[in-house]
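Quick notes on the structure that follows.
Number of protein chains: 2
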Amino acid sequence: MKLVFITGNLGKFLEAQKLLREFGITLEQADLEITEPQSETLEEVAEKCAQEALKKIGERFIIEDSGLFVNSLNGFPGVYSSYVYRKIGCEGILKLLTGSADRSAYFMTALAYGEPGKDVKIFTGRVDGTIATEPRGKSGFGYDPLFIPFGSNLTFAEMSTEEKNKFSHRARALRKFASWFLSRHEEK
Amino acid sequence: MKLVFITGNLGKFLEAQKLLREFGITLEQADLEITEPQSETLEEVAEKCAQEALKKIGERFIIEDSGLFVNSLNGFPGVYSSYVYRKIGCEGILKLLTGSADRSAYFMTALAYGEPGKDVKIFTGRVDGTIATEPRGKSGFGYDPLFIPFGSNLTFAEMSTEEKNKFSHRARALRKFASWFLSRHEEK
């Protein structure tokens, strides 16, 4: 089964491609121009992006929005994680946590599935963990060098894609989606 | 002459009301629900918000977007100043500047004027200055306690509205707008 993943982020695409292959789903990347709305929840961003994508694409697809939420920073950088990363990077997050005893954080993904003529469906995935005291590792992208998921001593950037997919928010959302997608397909 | 200012921010409204009164323009506040697009320029945000407002309002109006751009932080918090303020506040900006020799910054406003059946018109205003080493003053809102405009030793939050209007980005954009608006009116 083929499916399109609308994303300009190759790292995200490769993670999703590897994971969905286990479910027999072949993923193709499409880098469509989608205007993200300002919104305070990932679900709303994913939903609106999917609605916009449905106007531009004639086949079924997934599109997602993810963010890092640091508890002692009131959930910053949250839905604007990507913008904040481009501006102040991992170093900025570490500076903001200087002197903070609470380094707990979570990553979250809202994944939207779109199909022409059908309602958009949203799947979420979340992983809790802590923020490292310095960036570690070279794999992945974004804040991966900072995030240590519960159950590991490694940051996401110190893990292989397979290892990251055991823990990650995106992998959790993708698994929920894949189970639903395949069961729906079997019913037909 | 009457005009509507679409904003949920009372501080912005009061500044603009005081300034435009000098031009004989009576400002009224309207707190419409407008979805701000994610965008990397204030002009684009103001333009798109005005386009959306035109669908909801049958009279002429102004709407604006402003941001603080810190040079050594690559322009952070920029177009997401309001979100970042709610999450990490003035203290967050000060932490990010710890150890930074360059504390230069600017505030910018993009003001959109909308009128049913007409193209949206954009006016910008900018003020350069520096970031104080600690928050000072109680007036204004947002990052005002941090920002010292060139030509003063006070932060915006240590100034009266009249004093802030001598320097501020918003006042500069409003003056450009008011001159244009009145000259256009006289032509008729």
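Quick mapping for you: the protein sequence lines, in order, are chains G and F. Just so you know, the first sequence maps onto residues 14 to 201 in this note's numbering. Just so you know, the second sequence maps onto residues 14 to 201 in this note's numbering. The beta carbon of each residue, even a glycine, is placed where N, CA and C say it ideally should be. Please read these numbers as outputs of a predicted model, since none were measured by experiment.
Going along chain F in order, which residues have a C-beta closer than 7 Å to the C-beta of G155/G? Those within 7 Å of G155/G in chain F number zero; the least Cβ separation is about 16 Å.
By the criterion of Cβ-Cβ separation under 8 Å, what are the contact partners of E49/G in chain F? P50, Q51
G153/G versus V17/G, L81/G, K108/G, G24/G, residue with shortest Cα-Cα distance: G24/G
Counting only Cβ pairs nearer than 7 Å, list the residues of chain G close to Y96/F. Y93
Pop quiz: L110/G and S79/G are said to be a contact at Cβ under 8 Å. What is the actual Cβ separation, rounded to whole angstroms? Not confirmed; about 20 Å, so no contact.
So the beta strand (DSSP E) L107/F belongs to, where does it begin and stop? No beta strand (DSSP E) holds L107/F; the alpha helix (DSSP H) holding it covers 94-109.
Taking its Cβ as the centre, do 16 or more other Cβ atoms sit within 10 Å of K151/G, making it buried, or is it exposed? exposed
Proximal residues, the region 57-89 of chain G versus chain F, C-beta separation under 7 Å: L86, N87, G88, F89
Consider the Cβ of G150/F: report whether some Cβ of chain G lies at a distance smaller than 8 Å. no
Using a threshold of 8 Å, state whether the C-beta atoms of F36/G and A191/G are closer than that. yes
Using a Cβ-Cβ cut-off of 7 Å (strictly less than) and excluding sequence neighbours within five positions of F82/G, which residues of its own chain qualify? G88, G91, A118, Y119, M121
Should G127/F be flagged as near chain G, meaning a C-beta pair shorter than 8 Å? no
Starting from the N-terminal side, write out each stretch of the alpha helix (DSSP H) that is 4 residues or longer and does not extend beyond the region 127-189 of chain G. 174-180
For a test of the three-state rule: what should DSSP assign to S52/F, helix, strand or coil? coil
Using DSSP's beta-bridge definition, name the partner residues of M14/F. In the DSSP output, where bridge partners are listed per residue, M14/F has none listed.
Contacts that K286/G makes with chain F (C-beta to C-beta distance below 9 Å): Within the shown structure, residues of chain G are numbered from 14 to 201, placing residue 286/G beyond reach of any answer.
Do the region 178-190 of chain F and the region 97-117 of chain F touch if we need at least three Cβ pairs shorter than 8 Å? no
Name the chain F residues whose beta carbon is nearer than 7 Å to that of L109/G? I101, G105, K108, L109
Can you tell me the Cβ-Cβ gap for A43/F and I19/F, rounded? I've got them flagged as a contact below 8 Å. 5 Å
Please determine, among E77/G, D141/G, Y96/G, R34/G, the residue with the shortest C-alpha to C-alpha distance to I135/G. E77/G
Nearest to L32/F by CA position, among E199/F, S196/F, R185/F, is which residue? R185/F
Is the separation between the beta-carbon of A59/F and that of I47/F shorter than 8 Å? no
For the alpha helix (DSSP H) that G24/G lies in, which residues bound it at each end? 23-34
Integer-rounded CB distance, given that A29/F should sit under 8 Å from L187/F: 6 Å
Given a cut-off of 8 Å, decide if P50/G and K68/G are closer than it, judged by their beta-carbon atoms. no
Check whether F169/F and F163/F have beta carbons under 8 Å apart: no
DSSP three-state assignment for E199/G, whether helix, strand or coil: helix
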